[in-house]
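Protein chains in written order, with my numbering: chain A, 1 to 115; chain B, 116 to 790. Have a look at the structure below, then the notes.
Written as structure tokens, this is what we have:
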């Protein structure tokens, strides 16, 4: 089951990466970045559900049921969602600033870093 | 018996005098010019006295040297006991160096006394002739000291150092009137042309050093002159031949022999006493001295000896022909010196160094006197161009008489000095051709005999042409008749002064006049003359007595008298008008006047065409294209790499993202998939 979830995550990540690198509309780039975030979230949750940390297992202090309820990965995913929300807010602010200065939403026109 | 310190003092005194003048007197005494002159004259007088003492000490040694052992200077290649060789420094006092030291100091003393009068006129001249009196006497002292150092040198390195110093001070003295462009150019020419020969000297030293093994196995030193001379017959042929040729190249440069004879006529730009010194005792005598000094080395290679003799013979004739048509009195004398040095090289080349030295000695006296006479003439008429002289004997009887004596001596008229030594040269050349007929040496002896005989006739002609043009006939105006365009800048306001030169000039000239009469007959007389034994000079050098061959003497005298008669007929009696000679004669005249276009050949063809347009252009091309090109390529590569890398920074975030992705994928591929 883990493999399937990781493949799903990889597919999602690749779709997001492709979108982020190829789309010229800045909103589409932001959406693609969100897809990549969520691909990571899928991977984190999947690992959390199916993988027990080796240290805990070696200590032998956790029962199989306790194992399945360890929530480290899920909480990480929640953090990522929070950060992604903040990033979207920041990203949209940048989009507004870009529209105001350049009157455009095309990322290729945002080339001020060149000089 | 002389001690070593006294021999060193012969070199040291003029050197000290020079330093005293240049470092102590010159800063203060522009007004006290007598002080620097006195220091110079006293120093050289002391050296002359010591030289006489040295000569007297050497007299009883039968041609051997007085054994002053040399001192260690430094060693090369580690320990002396293990094959390293030691460079020494010392004095070599033998008949040759003692005789040379006496001639050099004696002539230099007389010339410096003469300079008192000659240079003073120039020093006081108000027409812009700037003379730095102390500088003049300092250079004269240094020049003499350098020459003395050369003749007393114990090893060739020491000799080479002084050899180069002679070149340096000749440069400074020829260019003494450095504000004249001609003098500055002449000084440079003299230095560069002699340097070409000096390079041969240097190669010979390197050659000896690279073959030091041949000396070291015998426990000898490759640079010490006595060691080289004693080992010369046993050394390998290539060593001897190339070393002798290299040394001879140096001698050719210094003694202005063909083909390096072009510098000497130009050197006439120096003050006249300097020319006198250069021509009589220092500088040009150095070449003859060097060959005589290393004579056993030359003797070991008969091939080189033939080269020496032929060079001398060719030079004697070529220079004499150049003198036939020259109008500048000093240049006539300069060509004459070149020609007479040719005689000395003939004598050396036919294996008679004693004869060469005898001619050198006699030549020193009469040639020095001729130059001093030319200076005396210039003192009066302010020019050296004989076309503007004439009739000078009316108010310069002493100068006239002395010039005639020196001229007869130079021409080789019996019984003056020049006759004896010139006759010995001819006899030596003839005898070798009779001793070894058919061999290389015999043929060369015969050829040089005839060359020398032809030169003897021409010598008589140009000497009497000089005397008649200068002293006889009508006075043609001196410097005042010279067109302004032909005058040097500082001669613009010169005036003729119709009177005899001061005593300070005439006394040294008279002393030289006595020597020019008697030095030949007395020093190497054919019969015993009271206290002087017969052939004293030859025996002093431990050489066989030259015999007086009557038919050779008669033949040369006939030619000499013929030359004199011709000169008198053309220039004195004006029986022929040279302007009405056929066209071919004028062409010949032109070729001689241009010195066979040798200067043209060197200056225009060799220097300007071959060197400037060929070698220098090629090296310039290499410099610009190869050397500069490499440097430019490095700069170009840096600039353009930067430009290329800079283009990667497009400002496009997505492009960076692609690059990062590709990088990450590559890393993943490398570390995960492949391992």
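For each residue, glycine too, the CB sits at the ideal point set by N, CA and C. Note that this is a predicted model, so its numbers are computed, not measured.
- Residue burial is scored here from C-beta neighbours: residue 59 of chain A has fewer than 16 other C-beta atoms within 10 angstroms and is therefore classed as exposed.
- Scanning its chain for C-beta atoms nearer than 7 Å, with the 5 sequence neighbours on each side dropped, one finds around residue 135 of chain B the residues 154, in chain order.
- Using a Cβ-Cβ cut-off of 9 Å, residue 107 of chain A is close to 767, 768 and 769 of chain B, given in chain order.
- Runs of the beta strand (DSSP E) spanning 3 or more residues and lying entirely within the segment 531-617 of chain B do not occur at all.
- The C-alpha of residue 689 of chain B lies about 8 Å from the C-alpha of residue 683 of chain B.
- In this model, residue 558 of chain B and residue 422 of chain B are separated by some 12 Å (Cα to Cα).
- The beta carbon of residue 9 of chain A does not come within 8 Å of any beta carbon belonging to chain B, so the residue lies off that interface.
- About 7 Å separates the Cβ atoms of residue 624 of chain B and residue 229 of chain B, confirming a contact at the 8 Å cut-off.
- Assignment of residue 103 of chain A by DSSP, reduced to helix, strand and coil, places it in the coil class.
- Around the beta-carbon of residue 304 of chain B, 16 or more other beta-carbon atoms lie within 10 Å, marking it buried.
- Given a length threshold of 4 residues, each whole run of the alpha helix (DSSP H) inside the segment 609-684 of chain B is given here in chain order: 618-638, 651-655 and 665-682.
- For the options B:426, B:199, B:602 and B:378, the alpha carbon positioned closest to that of residue 713 of chain B is the one of B:378.
- Residue ranges of uninterrupted alpha helix (DSSP H) with 4 or more members are absent from the segment 175-224 of chain B; none lies entirely inside it.
- Where residue 737 of chain B is concerned, there is no enclosing alpha helix (DSSP H), because DSSP gives it neither an H nor an E.
- The beta carbon of residue 249 of chain B sits closer than 6 Å to those of 136, 140, 141 and 151, all from its chain and outside the five residues before and after it, given in chain order.
- The Cβ atoms of residue 490 of chain B and residue 388 of chain B sit closer than 8 Å to each other.
- Below the 9 Å Cβ cutoff, chain A contributes 17 and 21 as neighbours of residue 776 of chain B, in chain order.
- Within chain B, the residues whose beta carbon sits less than 9 Å from that of residue 111 of chain A are 765, 766, 767 and 768, listed in sequence order.
- In the three-state scheme derived from DSSP, where H, G and I count as helix and E and B as strand, residue 449 of chain B is classed as helix.
- At the C-beta level, residue 632 of chain B and residue 472 of chain B stay beyond 8 Å of one another.
- The Cβ atoms of residue 524 of chain B and residue 507 of chain B lie no closer than 8 Å to each other.
- Taking C-beta separations shorter than 6 Å and ignoring five residues to either side along the sequence, the partners of residue 326 of chain B in its chain run 354, following chain order.
- For residue 773 of chain B, the residues of chain A that pass the 7 Å Cβ criterion are 21, in the order they occur in the chain.
- When only Cα atoms are considered, residue 719 of chain B and residue 159 of chain B end up about 42 Å apart.
- Considering only B:575, B:608, B:740 and B:751, the residue with the shortest C-alpha distance to residue 671 of chain B is B:575.
- Residue 425 of chain B and residue 618 of chain B have their C-alpha atoms some 43 Å from each other.
- Bounds of the alpha helix (DSSP H) holding residue 315 of chain B are 296-325.
- Using a Cβ distance threshold of 8 Å, residue 54 of chain A and residue 9 of chain A do not count as a contacting pair.
- Bounds of the alpha helix (DSSP H) holding residue 255 of chain B are 248-266.
- Taking C-beta atoms as the reference points, residue 320 of chain B and residue 272 of chain B count as a pair closer than 8 Å.
- The beta carbons of residue 350 of chain B and residue 415 of chain B sit closer together than 8 Å.
- For residue 37 of chain A, the enclosing alpha helix (DSSP H) starts and ends at 26-50.
- Per DSSP, residue 466 of chain B is not a residue of any alpha helix (DSSP H), being assigned neither H nor E.
- Among the residues facing chain B, residue 4 of chain A is not included, as its CB has no counterpart in that chain under 8 Å away.
- Straight-line spacing of the CA atoms in residue 565 of chain B and residue 308 of chain B works out to 29 Å.
- The segment 209-227 of chain B makes contact with the segment 636-656 of chain B, as at least three CB pairs between them are under 8 Å.
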